Amino acid sequence: MTVAQPDVSVIIGAYEAMPYLIECLSSVEAQTIDPERVEVIAVDDGSTDGTGEYLEEFAERAPMHVLVIRQENSGGPSGPRNVGLSKAAGRYVFFLDADDRLGPEALERMVAMADRAGTDVVLGKVEGVNRSAPKSMWGKTVERTDVFSSNIKFTLSAQKLFRRELLDRHGMRFDESLFTGEDALFTMEAYLRANGVSVVADHTCYYLVGRDDGKHVTKSGSYALRFDSARALMNLIAEHVPAGGRRDQLMVRPLTVTLLPQFGPKYLTDSEEVRRHKFELAKPLLDAHWTEGAAQRLRVHERLRLHLVAEQRPELLIEVVKFVKAKKQAAALLERKGRRVYLAYPHFRDRAAGIPDSVYLAEPREARAFPGYREGGTHTFVRRAVRKARRVLTSREVRSAA
């Protein structure tokens with residue numbers, strides 16, 4: 000008798016996951032998808048709190064096939080996920096963290112979406128429990144999109160449905176040399192290689208659970224590891240996307256989510272040694288990937304901070320960070336009859352500082368919040384220039400004909 004290929008392999012990497020693992024596995028057992036269409040591959044990464052024993056108990060009573068692998072601690076989430084992926088037989092794989100849980104119908108809905116749309120990655124709506132969760136990509140259910148046409152670049156966690164054939168074809172695995180941001184690297188590569196991405200926004204598919212002990216993996220990692228993560232993601236984007244607007248669009252993610260927080264409020268409490276080190280770590284990243292196109296996509300205070308880091312101006316950064324931490328609203332200066340809005344953050348038009356006005360120029364999405372702003376100034380200027388040129392040419396033609 001041959002066993003049919005499962006639709007989805009649920010891969011669970013677990014380390015010291017009790018008691019959260021109980022609800023996690025209950026959410027798997029409660030899925031509405033036929034148990035014969037699911038396999039669970041659970042990897043106990045050297046736990047000492049009963050995680051491994053509970054996984055084995057679950058395997059004995061679960062209605063679906065469950066494979067439990069117990070190994071010595073690997074030091075991070077990548078190893079267990081890769082072990083699970085090497086054993087997966089499903090058409091799709093879903094990575095489930097042992098302290099989180101699935102929403103009802105999650106697997107059934109995501110598999111159905113992938114089959115219907117023919118896409119390689121499916122994002123199911125995420126809600127946070129005792130922690131925040133990404134929100135900007137759940138506006139509506141979308142059968143087919145990509146990383147350039149949506150906000151999915153702002154959810155790079157691994158808790159998605161991936162077509163296994165895509166992962167195998169490109170030899171995709173989690174980078175075990177990274178101890179933070181490994182999921183961002185994996186997911187961004189999948190987005191870039193995928194034949195379409197789907198978004199299930201009308202049903203909560205995943206509950207991101209904040210642990211009471213604060214040991215959730217995304218909270219771990221020193222500042223140096225964050226720079227490692229940013230470097231890896233930036234290099235991946237540069238490798239897959241030619242220089243230009245599309246690359247700039249994706250670079251916004253590592254710039255604002257991974258790099259910028261290193262120069263936020265925490266920077267004020269850093270020692271001088273750590274501050275110098277952060278500038279040293281940031282320099283090659285910004286030398287390679289900080290472009291005018293990427294800068295224009297940021298809010299003024301974000302752009303200003305990264306400009307100062309890129310220009311290696313630590314003496315000016317402190318005042319800006321203090322201003323941002325205080326959550327002050329920078330004064331708006333409207334020029335060109337309201338078509339330009341400059342936000343007067345520290346050092347604006349300070350000759351000694353020498354920061355270009357363009358760093359303080361608000362892009363339309365930020366400028367719209369200020370009364371008196373008239374959108375479309377640049378386009379209006381261009382149209383006027385074109386009309387003037389046409390009038391001059393017409394006048395010359397008339398004189399020539401005469």
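In my numbering, the protein residues as written are 0 to 401.
Backbone N, C-alpha and C define an ideal beta-carbon position, used for all residues, glycine too.
Bear in mind that the values here come from a model prediction, so they are computed numbers and not experimental data.
| Nearest-angstrom Cα separation, counted from residue 103 out to residue 31 | If you take the alpha carbons of residue 31 and residue 103, they lie about 7 Å apart.
| task | Could you say which of 361, 370, 12, 135 lies nearest to residue 182 if we only look at CA atoms? | result | If we check each option's Cα against that of residue 182, 12 comes out closest.
| Which of helix, strand or coil DSSP assigns to residue 405 | As displayed, the chain neither begins before 0 nor continues past 401, which places residue 405 out of reach and without an answer.
| request: May I ask you to list the residues that DSSP assigns as paired with residue 162? | output: Beta-bridge pairing links residue 162 to 91.
| Quick one: is residue 21 buried, meaning 16 or more other Cβ sit within 10 Å of its Cβ, or exposed? | Around the C-beta of residue 21, fewer than 16 other C-beta atoms lie within 10 Å, and the residue is accordingly described as exposed.
| query | Using a Cβ-Cβ cut-off of 6 Å (strictly less than) and excluding sequence neighbours within five positions of residue 62, which residues of its own chain qualify? | reply | Excluding its 5 nearest sequence neighbours in each direction, residue 62 has C-beta neighbours in its own chain below 6 Å: 34, listed in chain order.
| Run of the beta strand (DSSP E) containing residue 64, from where it starts to where it stops | For residue 64, the enclosing beta strand (DSSP E) starts and ends at 64-70.
| request: Take residue 68 as the anchor and find which of 41, 303, 285 has the nearest alpha-carbon. | output: Out of 41, 303, 285, 41 has the C-alpha closest to the C-alpha of residue 68.
| With distances taken between CB atoms, is the gap from residue 329 to residue 351 smaller than 8 Å? | Going by C-beta atoms, residue 329 is not nearer than 8 Å to residue 351.
| request: Would you mind giving the Cβ-Cβ distance between residue 226 and residue 158, rounded to the nearest angstrom? I have them listed as a contact below 8 Å. | output: Actually they are not in contact, since the Cβ atoms of residue 226 and residue 158 sit about 24 Å apart, beyond 8 Å.
| From 10, 178, 340, 100, pick the residue whose C-alpha is nearest to that of residue 74; which is it? | With distances taken between Cα atoms, residue 74 lies closest to 178.
| Would the beta-carbon of residue 80 fall within 8 Å of that of residue 208? | Annotated as distal: residue 80 and residue 208, with beta-carbon spacing of 8 Å or more.
| Can we say the region 250-267 touches the region 190-206, given the rule of at least three CB pairs closer than 8 Å? | Judged by pairs of C-beta atoms under 8 Å, the region 250-267 does not touch the region 190-206, as fewer than three such pairs exist.
| query | Can you pull the DSSP bridge partners for residue 10? | reply | Looking at the DSSP output, residue 10 bridges to 40, 94.
| task | Go ahead and pull the three-state DSSP assignment for residue 374. | result | Coil.
| said: I'd like to confirm the pairing. Which residues does DSSP put opposite residue 360 in its beta bridges? | reply: In DSSP, residue 360 forms a bridge with 341.
| field | Bridge-paired residues (DSSP) for residue 207 | value | Residue pairing by DSSP puts residue 207 in a beta bridge opposite 127.
| field | For residue 160 and residue 8, the rounded distance between their alpha carbons | value | Between residue 8 and residue 160, the C-alpha separation is close to 9 Å.
| query | Looking at C-alpha atoms only, which residue of 260, 115, 288, 88 is the closest neighbour of residue 301? | reply | Closest by C-alpha distance to residue 301, out of 260, 115, 288, 88, is 260.
| What's the gap between the Cα of residue 88 and the Cα of residue 191? | Across the structure, residue 88 and residue 191 are spaced so that their CA atoms are roughly 24 Å apart.
| said: Just list the residues that DSSP pairs residue 100 with in beta bridges. | reply: In the DSSP output, where bridge partners are listed per residue, residue 100 has 206.
| The alpha helix (DSSP H) with residue 305 in it runs from where to where? | First-last of the alpha helix (DSSP H) with residue 305: 299-309.
| field | Whole alpha helix (DSSP H) elements within the region 239-292, 4-residue minimum | value | Runs of the alpha helix (DSSP H) inside the region 239-292: 244-252, 264-268, 271-288.
| request: Return the CA-CA distance between residue 336 and residue 138, expressed in angstroms with no decimal places. | output: Computed Cα separation, rounded: 35 Å.
| query | Under 8 Å between the Cβ atoms of residue 122 and residue 136? | reply | Cβ atoms of residue 122 and residue 136: closer than 8 Å.
| field | Buried versus exposed, by CB contacts within 10 Å (16 or more), residue 242 | value | Here residue 242 is exposed: its Cβ has fewer than 16 other Cβ atoms, across all protein chains shown, within 10 Å.
| task | Use the C-beta contact count for residue 375: other C-beta atoms within 10 angstroms, 16 or more gives buried, fewer gives exposed. | result | The residue is exposed, with fewer than 16 neighbouring Cβ atoms inside 10 Å.
| request: Output the residue ranges of the beta strand (DSSP E) runs that lie fully inside the region 112-157 and measure 3 residues or longer, sorted by chain position. | output: Listed in chain order, they are 120-128, 141-144.
| task | Look at the alpha carbon of residue 1 and the alpha carbon of residue 186, and state the distance between them as a whole number of angstroms. | result | Reliability of the predicted coordinates at residue 1 is poor, the pLDDT of 45 falling under 50, and the value obtained from them is presented with this limitation in mind. Computed Cα separation, rounded: 33 Å.
| Which of the three DSSP states, helix, strand or coil, is assigned to residue 330? | Under the three-state reduction of DSSP, residue 330 is assigned to coil, being neither helix nor strand.
| Taking contact to mean at least 3 C-beta pairs separated by less than 8 Å, is the region 274-292 in contact with the region 300-320? | In short, these stretches touch, since the Cβ pair count reaches three.
| Reduced DSSP secondary structure (H/G/I, E/B, other) of residue 78 | Three-state DSSP puts residue 78 in a helix.
| query | What is the DSSP secondary structure of residue 189, reduced to helix, strand or coil? | reply | Here residue 189 sits in helix by DSSP.
| How about residue 474 and residue 71: do their beta carbons lie closer than 8 Å? | The structure shown has nothing for residue 474, since the chain only spans 0 to 401.
| Spatial distance of residue 340 from residue 223 (CA atoms) | So the alpha carbons of these two residues sit roughly 36 Å apart.
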